[in-house]
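Worksheet: one structure, shown below.
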Amino acid sequence: MHQLKQYWVAERLDKDLGDPWTPENVMSFKQVVEIDEKEEFPHSEIEWLYNWKLQHYYVPAECGGEFTSFEEFLAFVRVLCRRDQTIGIAFTTLFWSFITWMAGTEEQKQQLAQYIKNENGAMCLGYSEREHGSDLVGGDLTAQKVPGGYILNGEKWPINRATISGISYILAKTDPEGGPKCLTLFMVDKRQLNPDNYYNLPKILTHGIRASDMSGIGFKDCFVPDSMRIKEEGDGLEFALKGFQVTRTFCAAFSLGAADTALRTTLNFAIKRVVYGKKVIDIPQPRKVLVDAFLDILICDCETIGAARGFHIIPEQFSVWASVTKYFVTTQIETMINSVYTVLGSRFYMREEHDWGIFQKVLRDNSIISMFDGSTVVNLHALMLQFRQLTKQRSRRKPEAIADLQKRLEAIFSLEQPLPSFNGEKLELFGRGADDPLQGLEIALQQLEAFKETTDTDEEVLEKLIVLGNLVLEELNAHDELIANSKFEYGHDQSPELFEVAKTYCTLHAAACCLQMWLYNRTILGDFFAQGEWLVLSLHRLLRTMRPLPYSISDVYVENTAQELLKLYKEDKLFSIVPFQLAHSPINEDRSYATSKLQLQA
Amino acid sequence: MQLQSSSYKLNNQATATTTPVETVQNWLIKQLAEQLRLDPASIKLTEPFTRYGLDSIDAVTLVGDLEDWLDLDLPDTLFWDHPTVEKSAKYLEENYDLADAVSNIESEETVTETPINETQDNNNDKKGWGNLFGRFK
Ligand SMILES: Cc1cc2nc3c(=O)[nH]c(=O)nc-3n(C[C@H](O)[C@H](O)[C@H](O)COP(=O)(O)OP(=O)(O)OC[C@H]3O[C@@H](n4cnc5c(N)ncnc54)[C@H](O)[C@@H]3O)c2cc1C
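In order, the protein sequence lines correspond to chains A and B. The numbering used here applies: residue 1 is where the first sequence begins, and numbers increase by one. The numbering used here applies: residue 603 is where the second sequence begins, and numbers increase by one.
Right under this line is the structure:
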């Protein structure tokens, strides 16, 4: 077991699921591809997870469950999604329960905990409507007040698990006049409704996650009692947006799971395939592509694990951090998967040939992550509306505030420190300009300077980190100056350039998270992590997207990173800054693509 | 765009008779007029903000601006819960020491501002809301 306890649940789950390359195992790649082909909801696999009691980890300890930290949660959703995002996403709709844990009454919490733990309950989130998409306030589904409850009318679509779930979180219009208080959120328990008054919409055929229950739900004069209302009438938008802060952040777990499989199955090919008398992995260009993919995962890890822990320490900052993570990680991993397929070659497109065609399925499934639960543009938009405040806040930092900031950074990024329990009541609709990882950048740079005297970090690595770290700071200062001198616009008519500025901000944020993560964990995450060469490469990789830099910063570091990647692959460990043990796989010894029959002649 | 110009007064109102509540109301009207490109005279105290096209999320962002101006911690849903100029100003009057907050703004604005560092120094003489930086130290 890993020395960090928060990774034990994920380790156990992966071990019990067994190696995904062994066809007989539950959720093996062979099986999940078959499920996808059939496009039938994976009932028995989901059942397996319930029997394993994974659902308990979606219920907070104070409500009688096993959920204690988002860091632990992130890790197990990740191993689930490395087998199958469809199942991972279908099971993880349980996570919408956070709305109730955050804003429900004691009674609602008890009811829900009981439903999840003892009745294998599932839920769905009904926010979107066919006519309105991202525009929640524009929705048409109405809830009209009557004695003892409300009458619902309207449809929600497209909704994941709308049909195969017992509870639907429905956002309904209670004030036809509109405005930010016009919506009310209901935790609709279908079992208590008159079945004549609601209906499920037909399965939607989709590009990926084909075995999902993608459908919708409609209500026709449907009575729901007051007890199903979350908080007060008119509070719907507030809790919808706060709930999104939690769930958007954890969409990153879906992406990271897919990333592991995309890279592993490609390695599986590159290590065995021989062309021109050489293994693909030994050709410099593909080797570099695979190293870059590995770096992308490490970078996204720093961003996501930081966010998962940050939730427990600074929930009030998550209107910013959630948007950054949802945008950055999902799009970075999408791009990464698109890059590695150049190494996998033609097999990326085939539905059976290599590892049962898992790659093409990952590619299809994963492409929804950046869209649902707040699309890329919606997240960037939410972020840019806070830019002025962020910039002002950064310019106002006082010495006392900086000391506090440093303490918070340590609590967030130091993986050995225990986390306080999550307090959803502290979520805020806007972050008042606070963004600790980036606003603590100068602190991180000072720590790096101090290392010159105090640590045995390789001098050259440290030198490079300081140079690159200062470039990040320069870019951040340039960002602030840009924002301070630009005209602020309210509303949805933001300039296209500002979306690009927002993307850059997210990239800088990820760079800061990488630095912070390294600073606080050098002694506990193993030699590769400690040496910091990966960090030099990662910062360089991120900065190259925003300023001209030499193509490569060190061939030696690239090679050492390649060696680490191969080591994790051979040992069946997760590609991660916390490379915990996965189920053992016999795949490393068998099949070869080196048969002359398969080879193209040069 | 200048956010903190409290010297702004609605049309012919005499400075001497402006109460803290009115100062806040004037600030809000000026904000709405500028953000939504409306004639300040067309903004009614009792009409919901959304009627003028202020989006839900913009109403949250506006709380941030008001916090900066008054140097107070305010609820993030302030303009959702009190959705007119009149109601929100009244809420502030009832729950905060507005006279104090408003007088701080006025005295602060007369103080010569020392910039924090060079970057922000540059901001002071540029367009936009860069000149805000001088006030927050
Ligand atoms: C597989 C799948 C699963 C889903 N699951 C769920 C679910 O479980 N529950 C649920 O409620 N919904 C779900 N959805 C719906 C999903 O969240 C919506 O599709 C999403 O909100 C986008 O809506 P839309 O495509 O209708 O785009 P619209 O909102 O109609 O937007 C159209 C386009 O306008 C632009 N745009 C929109 N907003 C902005 C902005 N702020 N700034 C700049 N440009 C903008 C973008 O280019 C956008 O693509 C799911 C969708 C799919 C495909």
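Cβ coordinates follow ideal geometry from the N, Cα and C atoms, glycine included.
Can you tell me whether E715 (chain B) is helix, strand or coil according to DSSP? Your numbering for residue 715 (chain B) matches position 113 in the second sequence. Because E715 (chain B) carries a pLDDT of 41, less than 50, the predicted location of this residue cannot be relied on, and no value is offered for it.
Chain B contacts from the stretch 431-443 of chain A (Cβ-Cβ distance under 8 Å): R432, G433
Is any beta-carbon of chain A found at less than 8 Å from that of A661 (chain B)? Counted from its first residue, the second sequence places residue 661 (chain B) at position 59. So yes, A661 (chain B) belongs to the interface.
So E428 (chain A) and D670 (chain B) are in contact, right, with Cβ under 8 Å, and what is the actual spacing, rounded? If you number the first sequence from 1, residue 428 (chain A) lands on position 428. If you number the second sequence from 1, residue 670 (chain B) lands on position 68. Actually they are not in contact, since the Cβ atoms of E428 (chain A) and D670 (chain B) sit about 16 Å apart, beyond 8 Å.
Per-residue burial, Y349 (chain A) [other beta carbons within 10 Å of its own, 16 or more giving buried]: Locating residue 349 (chain A) in the first sequence gives position 349, where the first residue counts as 1. Looking at its Cβ environment, which holds fewer than 16 other Cβ atoms inside 10 Å, Y349 (chain A) is exposed.
Shorter than 8 Å from the beta carbon of G179 (chain A) to some beta carbon of chain B? Taking the first residue of the first sequence as position 1, residue 179 (chain A) is located at position 179. When Cβ-Cβ separations below 8 Å define contact, G179 (chain A) makes contact with chain B.
Taking A512 (chain A) and L568 (chain A) to be in contact with their CB atoms under 8 Å, please state how far apart those CB atoms are, rounded to whole angstroms. Within the first sequence, the letter at position 512 stands for residue 512 (chain A). Within the first sequence, the letter at position 568 stands for residue 568 (chain A). Incorrect: roughly 25 Å between the Cβ atoms, too far for contact.
Given a threshold of 16 other Cβ atoms within 10 Å of its Cβ, counted over all protein chains shown, does V291 (chain A) qualify as buried or as exposed? Locating residue 291 (chain A) in the first sequence gives position 291, counting from the first residue. Per the 10 Å Cβ criterion, buried.
First and last residue of the uninterrupted alpha helix (DSSP H) at C124 (chain A): One-based indexing of the first sequence puts residue 124 (chain A) at position 124. Element bounds for C124 (chain A): not the alpha helix (DSSP H) but the beta strand (DSSP E), 123-126.
Out of curiosity, what's the CA-to-CA distance linking C124 (chain A) and F95 (chain A)? Residue 124 (chain A) sits at position 124 when you count from the first residue of the first sequence. Residue 95 (chain A) sits at position 95 when you count from the first residue of the first sequence. Approximately 9 Å between the Cα atoms of the pair.
Please classify E564 (chain A): is it buried, with 16 or more other beta-carbons within 10 angstroms of its beta-carbon, or exposed? On the first sequence, position 564 is the one that residue 564 (chain A) refers to. Its Cβ being crowded by 16 or more others within 10 Å, E564 (chain A) is buried.
Measure the CB-CB distance between V378 (chain A) and S658 (chain B) and report whether it falls below 8 Å. Taking the first sequence and counting its residues from 1, the one referred to as residue 378 (chain A) is at position 378. Taking the second sequence and counting its residues from 1, the one referred to as residue 658 (chain B) is at position 56. Not a contact, by the Cβ cut-off of 8 Å.
Ligand 1 heavy atom lying under 7 Å from the CB of D435 (chain A): Indexing the first sequence from 1 puts residue 435 (chain A) at position 435. False, no ligand heavy atom lies under 7 Å from that Cβ.
Roughly how many angstroms lie between the CA atoms of A103 (chain A) and L498 (chain A), to the nearest whole one? In the first sequence, counting from the first residue as 1, residue 103 (chain A) sits at position 103. In the first sequence, counting from the first residue as 1, residue 498 (chain A) sits at position 498. So the two alpha carbons sit approximately 34 Å from each other.
I'd like to know whether the C-beta of W682 (chain B) is nearer than 8 Å to at least one C-beta of chain A. What you label residue 682 (chain B) is simply residue 80 of the second sequence in a count that begins at 1. Yes, its Cβ sits closer than 8 Å to a Cβ of chain A.
Can you list, in chain order, the residues of its chain whose CB lies under 6 Å from that of T620 (chain B), leaving out five sequence neighbours each side? Taking the second sequence and counting its residues from 1, one reaches residue 620 (chain B) at position 18. No residues qualify anywhere along the chain.
Spell out whether any CB of chain A is found under 8 Å from the CB atom of P650 (chain B). Residue 650 (chain B) sits at position 48 when you count from the first residue of the second sequence. Interface residue, yes.
Taking just the CA atoms, how far does Y327 (chain A) sit from N477 (chain A)? Here residue 477 (chain A) refers to the residue found at position 477 when the first sequence is read from its first residue. Here residue 327 (chain A) refers to the residue found at position 327 when the first sequence is read from its first residue. Their backbone Cα atoms lie some 22 Å apart in a straight line.
Per the DSSP calculation, E155 (chain A) is bridged to which residue(s)? Here the question's residue 155 (chain A) lines up with position 155 in the first sequence. A:G218, per the DSSP bridge assignment.
Is it true that the CB of L13 (chain A) sits closer than 8 Å to the CB of L80 (chain A)? Looking up residue 80 (chain A) in the first sequence gives position 80. Looking up residue 13 (chain A) in the first sequence gives position 13. Yes, these two residues count as a Cβ contact at 8 Å.
Beta carbon of T335 (chain A), beta carbon of A307 (chain A): below 8 Å? Looking up residue 335 (chain A) in the first sequence gives position 335. Looking up residue 307 (chain A) in the first sequence gives position 307. No, Cβ-Cβ distance for T335 (chain A) and A307 (chain A) is not below 8 Å.
Euclidean distance between Cα positions of P23 (chain A) and E353 (chain A): To locate residue 23 (chain A), count along the first sequence from 1; it is residue 23. To locate residue 353 (chain A), count along the first sequence from 1; it is residue 353. Rounded to whole angstroms, P23 (chain A) to E353 (chain A) spans 14 Å at the Cα level.
Excluding the 5 residues preceding and the 5 following S585 (chain A) in the sequence, name in chain order all residues of the same chain whose CB lies nearer than 6 Å to its CB. By 1-based counting over the first sequence, the position of residue 585 (chain A) is 585. Here the set comprises D19, W21, D572.
So who's on the other strand from T142 (chain A), going by DSSP bridges? For the purposes of this step, residue 142 (chain A) is identified with residue 142 of the first sequence, where counting begins at 1. Beta-bridge pairing links T142 (chain A) to A:N153, A:K173.
May I have the straight-line CA-CA distance separating C514 (chain A) from V626 (chain B), to the nearest angstrom? Here residue 514 (chain A) corresponds to residue number 514 of the first sequence, with the count starting at 1. Here residue 626 (chain B) corresponds to residue number 24 of the second sequence, with the count starting at 1. Those two C-alpha atoms are separated by around 43 Å.
Kindly list the residues whose CB is nearer than 7 Å to the CB of V665 (chain B), restricted to its own chain and excluding five residues on each side of it in sequence; keep chain order. Counted from its first residue, the second sequence places residue 665 (chain B) at position 63. Cβ neighbours of V665 (chain B) beyond the five flanking positions: L676, D678, L680, F681.
For a contact meaning CB atoms closer than 7 Å, what does Q389 (chain A) contact in chain B? To locate residue 389 (chain A), count along the first sequence from 1; it is residue 389. Correct list: G666.
Cβ neighbours of A583 (chain A) in the same chain (closer than 6 Å, five flanking residues each side left out): Your numbering for residue 583 (chain A) matches position 583 in the first sequence. Correct list, in chain order: D14, K15, G18, D19.
How would you call L647 (chain B), buried or exposed, if buried means at least 16 neighbouring beta carbons within 10 angstroms? Position 45 of the second sequence holds residue 647 (chain B). So L647 (chain B) counts as exposed.
Taking only three categories from DSSP, how would you classify L185 (chain A)? The sequence position of residue 185 (chain A) within the first sequence is 185, counting from 1. In this structure, L185 (chain A) counts as strand in the three-state DSSP scheme.
Relative to the alpha-carbon of M384 (chain A), which residue among A:K278, A:V343, A:A502 has its alpha-carbon at the smallest distance? Here residue 384 (chain A) is taken as the residue at index 384 of the first sequence, counted from 1. Checked all of A:K278, A:V343, A:A502; the closest Cα to M384 (chain A) is A:A502.
CB of P42 (chain A) to nearest heavy atom of ligand 1: below 7 Å? Here the question's residue 42 (chain A) lines up with position 42 in the first sequence. No, Cβ of P42 (chain A) sits at least 7 Å from all heavy atoms of ligand 1.
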